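Input: a single structure, listed below in structure tokens.
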Amino acid sequence: MSKLNRQVRDISGVVLLDKASGSSSNHVLQQVKSLFGANKAGHTGSLDPLASGLLPICLGQATKVAQFLLDADKRYFVRAKLGQVSSTGDSEGKIVNFGSTKGIDESSIKAILLKFIGGINQVPPMYSALKRNGTPLYKLARKGIEIERSSRPVTIHEINFLNLEEAVLSLEVFCSKGTYIRTLVEDIGKSLGCGGHVVELRRTGFAHLDLSVSKTYEQLSKLKAQNLESLDSVILSADEMLPNLESVYLDSEQTRDIRLGKKIQYIGFSASHKLKLFDHNKQFLGIGESNLMSEILPKRLFV
2 MSKLNRQVRD ISGVVLLDKA SGSSSNHVLQ QVKSLFGANK AGHTGSLDPL
52 ASGLLPICLG QATKVAQFLL DADKRYFVRA KLGQVSSTGD SEGKIVNFGS
102 TKGIDESSIK AILLKFIGGI NQVPPMYSAL KRNGTPLYKL ARKGIEIERS
152 SRPVTIHEIN FLNLEEAVLS LEVFCSKGTY IRTLVEDIGK SLGCGGHVVE
202 LRRTGFAHLD LSVSKTYEQL SKLKAQNLES LDSVILSADE MLPNLESVYL
252 DSEQTRDIRL GKKIQYIGFS ASHKLKLFDH NKQFLGIGES NLMSEILPKR
302 LFV
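Going from the sequence shown to this note's numbering is simple: count from 1 and add 1.
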């Protein structure tokens, strides 16, 4: 359907997409935006084309809360081929043999995994969306250019050993924002002395959400084929994506003032906190922030 005859709707909320492997996050974002006929859409942190799994997509006004989701912890299922390394850190790059996997077993792997739990430093891969002087690193990497990258702190909350079969290691990883699973696998492989690269990566959890509440693009398409009401039934309110923020309900005067961009007096806070603001009709307004003077300031409000 062309842009000229596609009906654009002013809808707001979050769709939890189970992204398929093989497509970029931006490609599936545009697909979902078109499917819903949304006037605006954005995602909350991209997945590599190889990766599948949970990708929250914000529609309309809900794009204003996307930045508050970027700090969320994530959970992944990953399968890694040991004994080989890749130019990209995954199976899409040039693969070369690295080291023998003889003698590597469950006990030796678990001993190594312990070294990666907690706060660690990672050097971001060249094949990443990080930019240097405005140019994504992956574009430089495709030209054979490699530049020095500074290490960055990340936190690995858990690494669970699942299986080792024919030199393919399966793990579950629970980690902080900014963690590169490809880099983690490479570093684990080097510590084992055999090397390794990702052959399958699936995001199974994002903040408090998991795959059980997500839909594939095919499932969304079937819902739309029924009717728009069925399709729209999967949209979550933006405030549901922020369970850790305290909710504040304003009266009509406070609602008016905050909508005008004014700070309001609100007794009960004596420190800086991000807050979910609701109007006098208990409708979600957006994000506010308290301060030391018992005031709430607007941060990102729906219009």
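Cβ atoms here follow ideal geometry from the backbone N, Cα and C, with glycine treated the same way.
Treat the numbers as computed from the prediction; the structure is a model and nothing was measured.
- If you draw a straight line from the alpha carbon of residue 15 to that of residue 58, how long is it in whole angstroms? 6 Å
- Message: Let me confirm a value: residue 147 is counted as buried when at least 16 other C-beta atoms fall within 10 Å, else exposed. Which label applies?
- Response: exposed
- Task: Output the residue ranges of the beta strand (DSSP E) runs that lie fully inside the stretch 14 to 45 and measure 3 residues or longer, sorted by chain position.
- Result: 14 to 20, 42 to 44
- Pull up the distance between the alpha-carbon of residue 79 and that of residue 227, whole angstroms please. 35 Å
- Reference residue 206; option with closest CA among 31, 178, 222: 178
- Query: Straight-line CA distance for residue 191 to residue 88?
  - Reply: 14 Å
- Going by alpha carbons, who is nearest to residue 75 out of 54, 84, 81, 232? 54
- Item | N-terminal and C-terminal residue of the alpha helix (DSSP H) that residue 256 is part of | 253 to 260
- Task: Use the C-beta contact count for residue 294: other C-beta atoms within 10 angstroms, 16 or more gives buried, fewer gives exposed.
- Result: exposed
- Query: Do you know whose CA, among 152, 175, 153, lies nearest residue 160's CA?
  - Reply: 175
- Message: Could you check whether residue 24 and residue 1 sit closer than 8 Å to each other, using their CB atoms as the reference points?
- Response: Outside the displayed range of the chain (2 to 304) lies residue 1, so it cannot be described from this structure.
- Message: Quick check on DSSP: helix, strand or coil for residue 304?
- Response: coil
- Just mark residue 187 as buried or exposed, buried being the case when its beta carbon has 16 or more other beta carbons within 10 Å. buried
- Item | Cβ-based neighbour list, residue 244, same chain, cut-off 7 Å, excluding 5 preceding and 5 following | 209
- Query: Count the other CB atoms within 10 Å of the CB of residue 130; is the residue buried (16 or more) or exposed (fewer)?
  - Reply: exposed
- Report the three-state DSSP secondary structure of residue 62 (helix, strand or coil). helix
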